[in-house]
Amino acid sequence: MRILYVEDEEAIRGFVRINLRRGGMDVTEAEDGESALVLAQNANPPFDVALLDVMLPKMSGFEVCEQLRQQFPRMGIIMLTAKSQEEDKIRGLELGADDYVQKPFSPGELVARLHALKRRMMPLGDDAGAAAASGGESGATAGASAAAVRDAAAVDVPPQIVGPAPSAQQPAAAMESAARSSAAGELRSGAFRLSSAERRLWKSGVEIVLTPTEWTLVKLLMEREGEGLSRDDILNSVWGRHYVGDLKIVDVNIRRLRQKLENNPSEPQHIETLWGFGYRWKRGEEQ
């Protein structure tokens, strides 16, 4: 995994770098936002994930996040925020970050979050062993990372909808799911078509570019079309059962999805809010 790590404090940067490399990651460092953007633009191959501290000289981590998201929509982005600053977390997510890690954090937690995000970025069936590349880790780092990788493998790669139509003995829900699948790993709902193999989504034939987390979220909703999902269910399925964070991360990502998918995000026709509970992807005929 190729990481762009942006942190202005040398001592912290060195500590994190050592632990990420111990976890088998290729780390490139920058001490300010401007340098980070230049590195990202010149990287070949591109970075998989940007790890951004919020407080940076010259330009803030928020500005870097926003520009990276515009230039590299499929890059993973994790913000490093102070534990007491709730508004920093929300702002980073709204600007396009996939996740945030609160300071102070353990190396194990950070490595686990990176592996979980990488799993969301991988095509189904692509290099199944990549997430286990951190075999050289030791102690708490290895334990936390392995837990997150196992969890990510369980929740981020649900069975694809493939093969012949279900028999009459199979549940109605399974028959409906198969009917919506026109090809292996492909889902259709109203004007939407989702390809798991390509990790792409189209609306009325026009591709909608999504971040890794947005893609995983819309895939979950479409797979469970017509079914109400609690915010806890969504959090566990997208970010993992071991995720330590706020449920607001679900709401912010739903808002981001609506901005991209809905004709009028304030009156959503596809992603329905179930007040006091969670969200539901409406069936194609309801949209």
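For the sequence shown, counting from 1, position 270 maps to 270 in the UniProt record's numbering; every step adds exactly one. Glycine included, each C-beta is placed from N, C-alpha and C at the ideal position.
Bounding residues of the alpha helix (DSSP H) (the contiguous stretch that carries residue i)
i: residue 294; result: Residue 294 lies beyond the range of the chain shown here (1 to 287); nothing can be said about it.
i: Arg31; result: In the sequence on display, residue 31 carries Glu and not Arg. Taken as a continuous stretch (DSSP letters only), Glu31 belongs to no alpha helix (DSSP H), as it is neither H nor E.
i: Leu261; result: Lys248 to Leu261
i: Lys118; result: Pro107 to Met121
i: Asn19; result: Glu10 to Arg22
Counterpart residues of residue i in DSSP-defined beta bridges
i: Gly278; result: Ser230 and Leu274
i: Leu4; result: Thr28 and Ala50
i: Gln85; result: According to DSSP, which records beta bridges pairwise, Gln85 is partnered with nothing at all.
i: Lys103; result: Ala82
Span separating the alpha-carbon of residue i from that of residue j
i: Tyr279; j: Leu114; result: 26 Å
i: residue 373; j: Gly14; result: Here the chain has residues from 1 to 287 only, and residue 373 is not among them.
i: Glu109; j: Val16; result: 11 Å
i: Leu261; j: Ile271; result: 9 Å
i: Pro57; j: Ala36; result: 12 Å
i: Gln269; j: Glu29; result: 43 Å
i: Ala82; j: Gly96; result: 18 Å
i: residue 316; j: Ile12; result: As shown, the chain starts at 1 and ends at 287. That puts residue 316 outside it, with no answer to give.
i: Arg256; j: Glu7; result: 27 Å
i: Met59; j: Cys65; result: 10 Å
i: Arg188; j: Val111; result: 35 Å
i: Asn263; j: Ser106; result: 42 Å
i: Leu247; j: Asn44; result: 36 Å
i: Lys103; j: Ala40; result: 24 Å
i: Leu229; j: Ser196; result: 21 Å
i: Gly217; j: Val238; result: According to the sequence provided, residue 217 is Leu. The question's Gly does not apply to it. About 6 Å.
i: Gly24; j: Asp48; result: 14 Å
i: Met1; j: Met79; result: 17 Å
i: Leu4; j: Thr273; result: 36 Å
i: Ile208; j: Gln70; result: 14 Å
i: Glu94; j: Asn19; result: 29 Å
i: Pro46; j: Glu198; result: 18 Å
Limits of the beta strand (DSSP E) - the one that residue i falls within
i: Val206; result: Val206 to Ile208
i: residue 288; result: In the structure as shown, the chain starts at 1 and stops at 287, and residue 288 therefore has no counterpart that could be examined.
i: Lys219; result: Where Lys219 is concerned, there is no enclosing beta strand (DSSP E), although the alpha helix (DSSP H) it sits in stretches over Pro212 to Glu223.
i: Lys203; result: Arg200 to Lys203
i: Arg193; result: Phe192 to Ser195
Quiz prompt | contact_flag[the region 65-85, the region 210-230] where n(CB pairs < 8 Å) is 3 or more | solution = yes
Quiz item: Counting Cβ pairs closer than 8 Å, one from the region 47-65 and one from the region 88-106, do we hit at least three?
Solution: yes
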